[in-house]
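Below: one structure, written as structure tokens.
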Amino acid sequence: MRLPILDPAELSDAQKPLYQDMREGIAGHFKGFVNIRADGALLGPWNPWLREPAFGKPVWDLVKAMVSNPSLPAAVREVAILVTGSHFHSAYELYAHVLVAEQRGLSDDKLATIVAGQRPSDLTRQEAVAYDFAWALVNGGVLPELTYKAAVEQFGAHGAAELSYLIGLYCMVSVTLNTFDVPVPE
4 MRLPILDPAE LSDAQKPLYQ DMREGIAGHF KGFVNIRADG ALLGPWNPWL
54 REPAFGKPVW DLVKAMVSNP SLPAAVREVA ILVTGSHFHS AYELYAHVLV
104 AEQRGLSDDK LATIVAGQRP SDLTRQEAVA YDFAWALVNG GVLPELTYKA
154 AVEQFGAHGA AELSYLIGLY CMVSVTLNTF DVPVPE
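First residue of the sequence shown? That's 4 in the numbering used here, and the numbers climb one at a time after it.
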């Protein structure tokens with residue numbers, strides 16, 4: 004771990020409002036995994052973002068936009084997030100979203116296969132589209148036309164755009180976690 008966890012009692016004036024907003028958002032949208040210590044300190048990507056509010060606040064605003072009213076089914080979102088986290092070998096992201104994906108009904112076999120960087124054979128049609136979409140984007144280049152069309156067919160134009168932004172966001176989350184070597188909580 005490259006950054007010490009910020010003590011909430013020692014936050015700067017610039018960090019305090021972001022901290023409050025993050026705490027409220029975490030409590031409302033990020034349940035089922037350890038993300039806040041007993042003393043109120045933020046873990047995961049929130050600690051690095053809080054440390055640099057000029058960068059962290061805009062990222063947090065995007066996170067809030069993505070979780071406030073998603074149109075994509077929860078399992079579809081988790082498949083895309085896990086494909087992204089697996090690509091980046093982002094330990095904290097995989098830890099958190101495997102737990103969330105279990106709550107959203109994804110089987111242990113599906114999760115283990117995705118985390119291993121492979122495509123499960125028993126994905127639903129929507130999950131398969133999300134997997135292919137995320138895999139193509141994180142592996143570079145232009146999204147194949149047939150993959151884009153399949154996403155629009157399954158989720159509509161808005162849903163396909165949401166899927167793209169979600170994957171981009173979790174690329175940023177993964178890079179943040181990997182840059183600062185954020186560990187999985189004990």
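Even glycine gets a Cβ: it sits at the ideal position worked out from N, Cα and C.
In this text the structure is predicted, and so the values were computed from the model without any measurement.
Where residue i sits in the DSSP three-state scheme
{"i": "I170", "result": "helix"}
{"i": "I8", "result": "coil"}
{"i": "L126", "result": "coil"}
{"i": "L21", "result": "helix"}
{"i": "L45", "result": "strand"}
Straight-line gap, residue i to residue j (C-alpha atoms, nearest Å)
{"i": "V70", "j": "A44", "result": "22 Å"}
{"i": "G31", "j": "T150", "result": "33 Å"}
{"i": "V132", "j": "K19", "result": "40 Å"}
{"i": "D135", "j": "S15", "result": "43 Å"}
{"i": "L65", "j": "G159", "result": "21 Å"}
Residue i classed as buried or exposed, judged by whether at least 16 other C-beta atoms fall within 10 angstroms
{"i": "D184", "result": "exposed"}
{"i": "S124", "result": "exposed"}
{"i": "Y95", "result": "buried"}
{"i": "M25", "result": "buried"}
{"i": "H161", "result": "exposed"}
{"i": "E148", "result": "exposed"}
Residues near residue i in its chain [Cβ-Cβ closer than 8 Å; skip 5 each side]
{"i": "P76", "result": "Q129"}
{"i": "M4", "result": "F183, D184, V185, P186"}
Own chain partners of residue i with C-beta closer than 6 Å, once the 5 adjacent residues on each side are dropped
{"i": "A99", "result": "F36"}
Worksheet item: Pairing CB atoms from the region 124 to 141 with CB atoms from the region 85 to 96, are three or more of them under 8 Å?
Response: Contact holds: three or more Cβ-Cβ distances are below 8 Å.
Discussion item. Does the structure place the region 42 to 59 close enough to the region 4 to 18 that three or more beta carbon pairs sit under 8 Å?
Written reply: The region 4 to 18, when compared against the region 42 to 59, does touch it at the 8 Å Cβ threshold.
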